[in-house]
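Okay, so here's the structure we're looking at.
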Amino acid sequence: MKKVYARPKVLKKAVFHYCPGCGHSIIHRLVAELVDEMDIQDNVIGVPPPGCSVFAYNYLDVDMLESAHGRGAAVATGIKRANPDVLVFTYQGDGDLAAIGTAETIHAANRGEKITAIFVNNAVYGMTGGQMAPTTLLGMKTTTSPFGRDETTEGAPIKISEMLALVKGAVYIERTAVNSPSNIKKTKKALRKAFQAQIDNLGYSLVEILAPCPTNWKMSVLDSWKWVDEVMAKEFPLGVIKDTTGL
Amino acid sequence: MTKVLMYGNSAIGEAAIRAGCQCYFGYPITPQNELTEYMAAHLGRRKGCSFVQAESEIAAINMVYGASATGVRVMTSSSSPGISLKQEGISYIAACQLPAVIVNMSRGGPGLGSIIAAQSDYFQATRGGGHGDYRTIVLAPASVQELADLTHRAFDLTDKYRVPVLILGDGMLGQMMEPVEFKHTAPSTPPVRSDALRGAKGRSSKIVKTFTSKPTELEEINWSLFRRYQLIKSNETIFETFMAKDAQMMVVAFGISARIAKGAIKSVRANGLKVGMIRPISLWPFPYEKIKQMAEKIKNFLVFEMNMGQMVEDVQLAVEGSADVSFYGRPGGVIPTPSEFARVISRNYFQKGLKIAK
Amino acid sequence: MISKTIFAGFGGQGVLSMGLNLAQAAMLEDKSVTYLPAYGAEMRGGTANCTVAISNEEIASPVASSPEFLVAMNSPSLVRFQNQVKSGGVFFINSSLIEANVSREDIDIVEVPANEMAEELGNLKCANMVMLGAFTKKSKVVSLPTLIKGLEESFKKKPKLIGLNTTALTNGYELF
Ligand SMILES: Cc1ncc(C[n+]2csc(CCOP(=O)(O)OP(=O)(O)O)c2C)c(N)n1
Ligand code: SF4
Ligand SMILES: [Mg+2]
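Order-wise, the sequence lines are chains A, B and C.
The first sequence lines up with residues 145 to 391 when you count with the working numbering.
The second sequence lines up with residues 9 to 366 when you count with the working numbering.
The third sequence lines up with residues 395 to 570 when you count with the working numbering.
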């Protein structure tokens, strides 16, 4: 008999603290599968900054160094520069990477740091209870945009991936989602390629993943998955945004 | 006036609006989010007012710096890790002698620590916090009512002395609800500062800056700050005493610990232990004089903090060696219970050979 | 006299509004009161709890390390908090959802079929008010009329719900 489904070895036997339907759980599993398949468990260091996924170290059985909010790219730079042979990834939320950590991210990319950013865009600050994020959609109500996000005072949703595409040191940038089996498969493929770019020493790679946060969107799980397609992906189109890897 | 049941965090927001706060700049962090959210809902759409969720605490404090220079009443808030990021901006605001109110609903540290209430930011708060030779007035409330009252006072003090005022609360005060009564109504016209930068209409241009290439000029700035700090020390030291009259042992505690201590003192008093308390409300200026005076008669002090001993150093400085100073603390966000602290008081009391009242 | 109560249950059972309504009533009776909800990451996973302290004097700590009362709306809450309650305290148990096999013998147990009684009123959502009514009768920390007055305050924006919730409170109160 052929085995088609098993728990990745790298996924610890712990119960996720994530809410039902949360995108983080799926992405964790994908990372675990990849680390297994690429056989890199003993040569990888993850950097989880605060966000709902700050506890990623409870689930992924790899070395991890927690960073301060937004500083992931700088911390990862330090790790990589000191240990060029180790694979380094950051696991950052949209508040973390696209608000407080923008400077670190742009400059790490610009230096062409050989690191991989897993950028989880759920359009809110999940961890702190659903405040507006730089990626929050126009008109969307959050606890700090109680009347709906207004472009004239809060700006429009920021497209970090497109911005980073202008930065020379960034070699691979793709936007995916984890709201359907086919999108989940594409996400895994993108992550694999992002890691490969790092293994081949090509430069900075980033995968932006649109992920549901049913709790703070105040939606049922199914509705939140639909919303990713019908609303989010309209604002944040899926697909490869930049690829100079030649892979 | 009627009482309303309110979160500590929201009460600060309401009190600030009633004090004429026109601008609020913040960034989400637990356990103070309700304050940022309150301002988003209630300040943002007021006439002449502005709310911005900044991209970071560093941005938020620099927005405060900018707004304050133009003469408006302005506030920011955060919790420990975010307050660390604000220190650079606070140093500049202090240097320029601009008014600003900064709220720290502190949590356990160091690092990310925990989101549970702690008092481990005492050193950072009372010693300036950022670089350079400056001070901030530090107010430490112990109830939701006091959060509201001291927020109002903070705006008055910062305008009067042109020194940033820090409100040092904690996650517990921010997250709990208590009845609160607001004693002021929002001003219809905000106060106007004559020295504000608004464009050189009808006057010569003005500069607000911190850099100087002349050491003597910088020295003069520091002297003038120092003279102001002396004035604040003599005018604005506030504290509360509790059952101090016949006390043989004084507990010293601030903020949430002082509440817990009060409960503990009531229960040991019932057993005849003559214990009282002094609660510094202004942590800077610290009530050195008052404690020194008390130490002439009372020879035993027990300092109680939710950290591993920070304010205790100020108490030691205050008594100048003339009384015994003990310490009890729980670090890292563990909230001690009144009965736990009552046991500590009793043990300490009898170890010191003190007598119980008949 | 100080009394502390922990209200606990699933998110969505109205656990926090039980605590809030009790706190509101205590304030109307001019008592000292604190209300402290669990916050932060603790809320993830779908459980909710809050602590209400009521006293005639200043309240030292809003935290309940050994409360007098526990109101458990579901089984996990009972399991989690039952050992904290003071000896001689009272468990209020939502007997519609919990089989009360309580291991402690120094505790009074009050069983309230809150879900069933709420369903009889045609709305499961008011199970929390049924429970709060029963709690008030037994604990005597506030009176029913102030509780109803407080409820009218908190439902100001949804006046349609006042009637139903008042009935639920009263039915709970009159259960014993
Ligand atoms: C300096 C600092 N400011 C604020 C915080 C509070 N904080 C923790 S996580 C977070 C953002 C969470 O949003 P996001 O990065 O989008 O991650 P998510 O939880 O949505 O996955 C914030 C503001 C902090 N830990 N440190
Ligand atoms: S709050 Fe949102 S991001 Fe956080 S665990 Fe829940 S669903 Fe996931
Ligand atoms: Mg997010």
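All C-beta atoms in this analysis are idealised placements derived from N, C-alpha and C, irrespective of residue type, glycine included.
Beta carbon of residue i nearer than 8 Å to that of residue j
| i | j | result |
| --- | --- | --- |
| A:V351 | A:A338 | yes |
| C:L430 | B:Q183 | yes |
| A:V372 | A:P356 | yes |
| A:K156 | A:Y203 | yes |
| C:G413 | C:F404 | no |
| A:I385 | A:I328 | no |
| B:P172 | B:L158 | no |
| B:A278 | B:F312 | no |
| B:L147 | B:I110 | no |
| B:R235 | B:F262 | no |
| A:G165 | A:P358 | yes |
| B:A19 | B:V152 | yes |
| A:L282 | A:A261 | no |
| A:G383 | A:R293 | no |
| B:G79 | B:V216 | no |
| C:A447 | C:A458 | yes |
| C:M511 | C:N488 | no |
| B:G116 | B:I124 | yes |
| C:G434 | C:E462 | no |
| C:P455 | B:T345 | Checking the sequence, you will find Ser at residue 455 of chain C rather than Pro. In contact: C:S455 and B:T345 (Cβ atoms closer than 8 Å). |
Local Cβ density within 10 Å of residue i, reported as buried at 16 or more and exposed below that
| i | result |
| --- | --- |
| C:T530 | buried |
| C:T428 | buried |
| B:D129 | buried |
| B:K94 | buried |
| A:R310 | In the sequence on display, residue 310 of chain A carries Leu and not Arg. So A:L310 ends up on the exposed side. |
| A:K224 | buried |
| A:L174 | buried |
| B:S87 | buried |
| C:L464 | buried |
| B:W292 | buried |
| B:P187 | buried |
| A:E298 | buried |
| B:R355 | exposed |
| A:Y149 | exposed |
| C:N495 | exposed |
| C:K425 | buried |
| B:E65 | buried |
| B:E45 | buried |
| B:E228 | exposed |
| C:Q407 | buried |
Expected contact under 8 Å - CB spacing of residue i and residue j to nearest Å
| i | j | result |
| --- | --- | --- |
| B:Y3 | B:L106 | Absent from the model: residue 3 of chain B. The displayed extent of chain B is 9 to 366, so no value can be given. |
| A:V232 | A:S211 | 11 Å between Cβ atoms; not a contact. |
| A:A252 | A:A200 | 19 Å between Cβ atoms; not a contact. |
| A:Y348 | A:G256 | 6 Å |
Where residue i meets chain F, residues with beta-carbon distance less than 7 Å
| i | result |
| --- | --- |
| C:P456 | In the structure shown, chain F cannot be found, because the protein chains are A, B and C. |
Where residue i meets chain B, residues with beta-carbon distance less than 7 Å
| i | result |
| --- | --- |
| C:A417 | L13 and M185 |
| C:M421 | K11, L13 and P187 |
| A:P194 | L120 |
| A:P301 | What A:P301 touches in chain B: nothing, since even the nearest Cβ is about 14 Å away. |
Proximal chain B residues relative to residue i, where beta-carbon distance stays under 8 Å
| i | result |
| --- | --- |
| C:Y429 | L13, M184, M185 and E186 |
| A:Q275 | P36, N41, T44, E45 and Q61 |
| A:P228 | Those do not exist, as A:P228 stays about 27 Å from chain B at its closest Cβ, beyond 8 Å. |
| A:T272 | P36, I37, T38 and N41 |
| A:Y269 | P36 |
| A:T287 | N41, E45 and A48 |
Per-residue contacts from residue i into chain C (C-beta, under 8 Å)
| i | result |
| --- | --- |
| B:I268 | A454 and S455 |
| B:I343 | S455 and V457 |
| B:P346 | A454 and S455 |
Closer than 9 Å at the beta carbon, the chain B residues around residue i
| i | result |
| --- | --- |
| C:S481 | Those do not exist, as C:S481 stays about 14 Å from chain B at its closest Cβ, beyond 9 Å. |
Contact set between residue i and chain A, taken where Cβ atoms lie within less than 8 Å
| i | result |
| --- | --- |
| B:A75 | Simply none; closest approach about 15 Å. |
| B:A49 | P290 |
Proximal chain A residues relative to residue i, where beta-carbon distance stays under 7 Å
| i | result |
| --- | --- |
| B:S64 | G214, A243 and I244 |
Residue i beta carbon near ligand 4 (any heavy atom closer than 7 Å)
| i | result |
| --- | --- |
| A:G239 | In the structure on display, ligand 4 does not appear, and the ligands it does have are ligand 1, ligand 2 and ligand 3. |
Contacts of residue i in chain A (Cβ-Cβ under 9 Å)
| i | result |
| --- | --- |
| B:P89 | P194, A212 and H213 |
Listed by chain order, chain C residues near residue i by CB distance under 7 Å
| i | result |
| --- | --- |
| B:G271 | A454 and S455 |
- Message: Which residues end up in the neighbourhood of ligand 2 when you take C-beta atoms closer than 6 Å to any of its heavy atoms?
- Response: Taking each Cβ in turn, the ones that pass are A:Y162, A:C163, A:C166, A:H168, A:C196, A:N266, A:G270, A:C357, A:P358, A:T359, A:N360 and C:R438.
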